[in-house]
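A.B. asks: Before anything else, here's the structure in question.
Residue numbers (UniProt numbering): 1 to 573.
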C-alpha cells in the first residue's frame, strides 16, 4: 500500500443555511497545518487509529496558518479618519466629546419544523455560529481582539478600527453600534473606562445585498438614548468577502506565509522593464517577449499587471486606460486620441488595438502567459485596482470599478487552474484586495504595495496606504506575506526593512530608484528580499559602455574568451 498524505486542521462541519437534514455538509477551516511536507500514513485496514502527535507540530516544527473562506461569508465594517471623522454629532453638548464604540450582533432565527427531538447526526453537524473579531491598526502596531470592553473602544484619528464578522447567513444580521461618551478631562486607558451611554446606530446586513455592491460606505443616523431624536450620524465603511465561486482549494500545499530566506531576488519590472518613456526599446513592456527577455537576463521572477476586460477576460496590461485614435469629423486626415478605460472594452475590441506581432502584442490573455513562459520563471502578479488620492481624484479618473469579488474570483480561478508548480506572488496597492486574496484562497502569497511618504506621488486617501509603518502593521494584522515598499521612502528609513522582517514579513522594493546599481547594492546589504527593477537597464548600460570604449574592448577580446560574441549581441540588439 502507498503512503497517504494528510494534515490536521481545526474547524468543523456545518449544514448550509436554508438546507434541511440529509444534504451535503460544509467544511469550515479555522486553522490548519501548512508544513511543506505533510504527515504520512500507510493504511493497513478499513479502520485505523494512529497517534501522530500534537496539532501544528510535525518533525519538531510548529507550522500552522489561519483558514480560508470555504462556504462562509466575511463582512468587514471599518471606522476611520481617512476622509473625515467617522462620527458627526449635531448636539452641542457632545461637540467636544470623544466616543467609544461597541458593536453587537444579532441574527433572525428561523424555527426548523422538520427537526426531530433526540435525533443526532453521526457527523455531529452543527450550525455555524456567527463570530466577531476586532482589529485596530496604526503606525505603532496592531491589536486583535475577539471580545470588547463593556463600553467598546475609543476612536483615534490615526487608527483604523475594523470589525470582521464570519457568518453562514451573512444577510440576516442586525448590526448595532453603541456609542459611549468618554470623559476627556481624564486620561482613559483602552478598555478601562466607563463612560456614559449616548445612543445607537443600527445597520441591517441585508442592505449590502440589496445595494448590489460588495464594498462602499453606509451613513447611519445615531439615535439618542432617551428619545427617537437623531443626535448625529456615523459613516461605516463596509466590505463583503465571499468564497471563490465554482472552485475549491485543497490542502496539498500552501505558500501564503512561506518564504525560504535566500539571496535577494531580482524581479523583472513589467518583464524586461518599463518602455513608455523609452523611445528605442525593441522589447515592449508587459509582453511575452519582454517576459522572456527578463528571464534570459537572470530574473528569478517577472512582474506584470493583470486586470479585466469588459467581458471579464483576465488580461495583462499596465494602465487602467488606453488611447484610441479616431478621425476628426471635418478633417479626415487628422487623427484625435481618445482615452478610454480598459474596463469599457471587450477582449475582442482590445485585440483590434494590436499593432505588433504576437510576442510583442499588448492586452495578452493571462492564460497565454502561463503557456508561453517556462515554468521555472516565477510570476509577481500585480492585481490592478483603482486608488483614490487625498485630493479626491481617482486613478484613471475612474471613481467606480468592478465588483471586487467577481474581479478576484475570475483572476484567481484562472491562476489556480493554470499555476501548476510555478512560483507565484501577488501584489496590490489596494489593502482590501490584499485582504480578499488572503481570505479567498490558501495557496499563493500576497504583498501589500505601498508608496509611503513620497515626493513623486500624491498622498493616498486610505490611511493604511499613507506610510510604510502602517503598511507593516496592516500586513501583520491580515497575516499576509509582507510588503513591497517604495524605494524612495526605504532609502530615507533603511531600518524599515529590518523592522518588517523582525515581525515575520517579507520585504520587496519597487521604484525607478532601483534602476541604479548603487541603490540596489545598498538595499541588498540591508537584506531586502526582492528588488523589482528594469532588467533591461543593466544590459543597456553595458552596451553603451562597450560602444564608447572601442580601444579598451579590443584589448579585452584577448583576455576574455567569447567577449566578442557578447559585444555583437549588445551592439546589434
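All residues carry an ideal CB built from backbone N, CA and C; glycine is no exception.
1. Do residue 244 and residue 199 have their C-beta atoms closer together than 8 angstroms?
2. Leaving aside the five residues before and after residue 311 along the sequence, list all residues of the same chain whose C-beta is less than 7 angstroms from its C-beta, in chain order.
3. Can you look up residue 4 in the DSSP assignment and give me helix, strand or coil?
4. Between the alpha carbons of residue 51 and residue 250, how many angstroms are there, rounded?
5. Straight-line CA distance for residue 263 to residue 299?
6. Give a yes or no on whether the C-beta atoms belonging to residue 208 and residue 101 are separated by under 8 angstroms.
7. How would you label residue 247, buried or exposed, when you count the other beta carbons within 10 angstroms and need 16 or more for buried?
8. Only counting the same chain, and skipping five residues up and downstream in sequence, which positions put a Cβ closer than 6 angstroms to that of residue 435?
9. Where in the region 144-209 do unbroken runs of the beta strand (DSSP E), each at least 3 residues long, occur, reported from the N-terminal end onward?
10. Rounded to whole angstroms, what's the CA-CA distance from residue 153 to residue 474? Just pull it up for me.
11. Under a Cβ-count criterion, where at least 16 other Cβ atoms within 10 Å of its own Cβ denotes burial, should residue 294 be classed as buried or exposed?
12. Hey, quick one: how far does the beta strand (DSSP E) through residue 78 stretch, first residue to last?
13. Considering residue 233, what are the terminal residues of the beta strand (DSSP E) in which it resides?
14. How close, in whole Å, do the beta carbons of residue 309 and residue 342 come, if the pair is a contact with beta carbons under 8 angstroms?
15. For a quick check, are the C-beta atoms of residue 158 and residue 138 less than 8 angstroms apart?
16. Using only the alpha-carbon positions, how far apart do residue 54 and residue 60 sit?
17. What residue from 141, 167, 71 and 155 has the CA that sits closest to residue 133's CA?
18. With respect to the alpha helix (DSSP H) encompassing residue 487, which residues constitute its N-terminal and C-terminal limits?
19. Pull up the CB-CB distance for residue 511 and residue 500, whole angstroms please, since I reckon it's below 8 angstroms.
20. Do the region 454-472 and the region 408-425 touch if we need at least three Cβ pairs shorter than 8 angstroms?
21. Look at residue 382 and residue 488 and say whether their C-beta atoms are less than 8 angstroms apart.
22. Compare the C-alpha of residue 177 against each of 171, 148, 170 and 156 and name the closest.
23. Does DSSP put residue 429 in a helix, in a strand, or in coil?
24. Consult DSSP for residue 574 and reduce its assignment to one of helix, strand or coil.
25. Could you check whether residue 99 and residue 175 sit closer than 8 angstroms to each other, using their CB atoms as the reference points?
26. Please classify residue 55: does DSSP put it in a helix, a strand, or coil?
27. Return the CA-CA distance between residue 516 and residue 375, expressed in angstroms with no decimal places.
28. Opposite residue 324 in the DSSP bridges: which residues?
29. Alpha carbon to alpha carbon, how far is residue 40 from residue 58?
30. Return helix, strand or coil for residue 540, following the three-state DSSP convention.
31. Is the beta carbon of residue 373 less than 8 angstroms from the beta carbon of residue 503?
32. Just the Cα atoms here: how many angstroms apart are residue 2 and residue 45?
33. Provide the residue span of the alpha helix (DSSP H) that contains residue 405, from first to last.
34. Measure how close the beta-carbons of residue 432 and residue 387 come, nearest whole angstrom, since I'm counting them as under 8 angstroms.
35. Return the CA-CA distance between residue 461 and residue 97, expressed in angstroms with no decimal places.
36. Where in the region 21-50 do unbroken runs of the alpha helix (DSSP H), each at least 4 residues long, occur, reported from the N-terminal end onward?
C.D. replies: Judging by the given coordinates:
1. Against the chain shown, residue 244 aligns to sequence position 244. Against the chain shown, residue 199 aligns to sequence position 199. Judged by their CB atoms, residue 244 and residue 199 are not nearer to each other than the 8 angstroms cut-off.
2. As a working mapping, residue 311 is identified with position 311 in the chain shown. Within the same chain, residue 311 has close Cβ partners 346 and 347.
3. Position 4 of the chain shown, counting from 1, holds the residue named residue 4. Residue 4 falls in the strand class under three-state DSSP.
4. Counted from its first residue, the chain shown places residue 51 at position 51. Counted from its first residue, the chain shown places residue 250 at position 250. Rounded to whole angstroms, residue 51 to residue 250 spans 23 angstroms at the Cα level.
5. Walking along the chain shown from the start, residue 263 turns up at place 263. Walking along the chain shown from the start, residue 299 turns up at place 299. Take the alpha-carbon of residue 263 and the one of residue 299: they are about 13 angstroms apart.
6. For this step, residue 208 is matched to residue 208 along the chain shown. For this step, residue 101 is matched to residue 101 along the chain shown. For residue 208 and residue 101, no; Cβs fall outside 8 angstroms.
7. In the chain shown, residue 247 corresponds to position 247, counting from 1. Label assigned to residue 247: exposed.
8. Counting from one through the chain shown, the residue named residue 435 turns up at place 435. Result list for residue 435: 478, in chain order.
9. 160-167, 173-182 and 196-204, all fully within the region 144-209.
10. Along the chain shown, read from residue 1 onward, the residue named residue 153 stands at position 153. Along the chain shown, read from residue 1 onward, the residue named residue 474 stands at position 474. If you take the alpha carbons of residue 153 and residue 474, they lie about 19 angstroms apart.
11. For the purposes of this step, residue 294 is taken as the residue at position 294 of the chain shown. By the neighbour-count rule (16 or more Cβ atoms within 10 Å), residue 294 is buried.
12. Taking the first residue of the chain shown as 1, we reach residue 78 at position 78. First-last of the beta strand (DSSP E) with residue 78: 73-79.
13. By one-based count along the chain shown, residue 233 stands at place 233. Here the beta strand (DSSP E) through residue 233 covers 230-241.
14. Translated into the one-based positions of the chain shown, residue 309 becomes position 309. Translated into the one-based positions of the chain shown, residue 342 becomes position 342. About 7 angstroms; that satisfies the 8 angstroms criterion.
15. Residue numbering aside, residue 158 sits at position 158 when the chain shown is read from its first letter. Residue numbering aside, residue 138 sits at position 138 when the chain shown is read from its first letter. Residue 158 places its beta carbon less than 8 angstroms from that of residue 138.
16. In the chain shown, the residue the question calls residue 54 occupies position 54. In the chain shown, the residue the question calls residue 60 occupies position 60. In this structure, the CA atom of residue 54 is about 10 angstroms from the CA atom of residue 60.
17. Here residue 133 refers to the residue found at position 133 when the chain shown is read from its first residue. Measuring from the Cα of residue 133, the nearest candidate turns out to be 167.
18. Here residue 487 corresponds to residue number 487 of the chain shown, with the count starting at 1. Membership of residue 487 in the alpha helix (DSSP H) is indicated by the continuous run 487-492.
19. By 1-based counting over the chain shown, the position of residue 511 is 511. By 1-based counting over the chain shown, the position of residue 500 is 500. Actually they are not in contact, since the Cβ atoms of residue 511 and residue 500 sit about 16 angstroms apart, beyond 8 angstroms.
20. Judged by Cβ distances under 8 angstroms, the region 454-472 makes no contact with the region 408-425, as fewer than three pairs qualify.
21. The residue you call residue 382 lines up with position 382 of the chain shown. The residue you call residue 488 lines up with position 488 of the chain shown. Result no, Cβ atoms of residue 382 and residue 488 do not sit closer than 8 angstroms.
22. The count along the chain shown starts at 1 and reaches residue 177 at position 177. Closest by C-alpha distance to residue 177, out of 171, 148, 170 and 156, is 148.
23. For the purposes of this step, residue 429 is taken as residue 429 along the chain shown, with counting starting at 1. Correct three-state label for residue 429: coil.
24. This structure cannot settle anything about residue 574, because the visible part of the chain is limited to 1 through 573.
25. Mapped onto the chain shown, residue 175 falls at position 175. Mapped onto the chain shown, residue 99 falls at position 99. With contacts defined by Cβ atoms closer than 8 angstroms, residue 175 and residue 99 do not form a contacting pair.
26. Residue mapping note: residue 55 aligns to position 55 of the chain shown, counting from 1. If DSSP states are grouped into helix, strand and coil, residue 55 belongs with coil.
27. As a working mapping, residue 516 is identified with position 516 in the chain shown. As a working mapping, residue 375 is identified with position 375 in the chain shown. About 29 angstroms.
28. Here residue 324 corresponds to residue number 324 of the chain shown, with the count starting at 1. In the DSSP assignment, the residues bridged to residue 324 are 338.
29. Against the chain shown, residue 40 aligns to sequence position 40. Against the chain shown, residue 58 aligns to sequence position 58. Whole-angstrom Cα-Cα distance: 11 angstroms.
30. Residue 540 sits at position 540 when you count from the first residue of the chain shown. Note that residue 540 has pLDDT 44, beneath the 50 cutoff, so the model's placement of it is unreliable and no number is given.
31. Residue numbering aside, residue 373 sits at position 373 when the chain shown is read from its first letter. Residue numbering aside, residue 503 sits at position 503 when the chain shown is read from its first letter. For residue 373 and residue 503, no; Cβs fall outside 8 angstroms.
32. Taking the chain shown and counting its residues from 1, the one referred to as residue 2 is at position 2. Taking the chain shown and counting its residues from 1, the one referred to as residue 45 is at position 45. Residue 2 and residue 45: Cα-Cα distance of roughly 13 angstroms.
33. Your numbering for residue 405 matches position 405 in the chain shown. Residues 404-418.
34. Looking up residue 432 in the chain shown gives position 432. Looking up residue 387 in the chain shown gives position 387. So it is not a contact: roughly 11 angstroms between Cβ atoms.
35. Along the chain shown, read from residue 1 onward, the residue named residue 461 stands at position 461. Along the chain shown, read from residue 1 onward, the residue named residue 97 stands at position 97. Each residue's Cα considered, the two are about 25 angstroms apart.
36. The DSSP assignment places no complete alpha helix (DSSP H) segment of no fewer than 4 residues inside the region 21-50.
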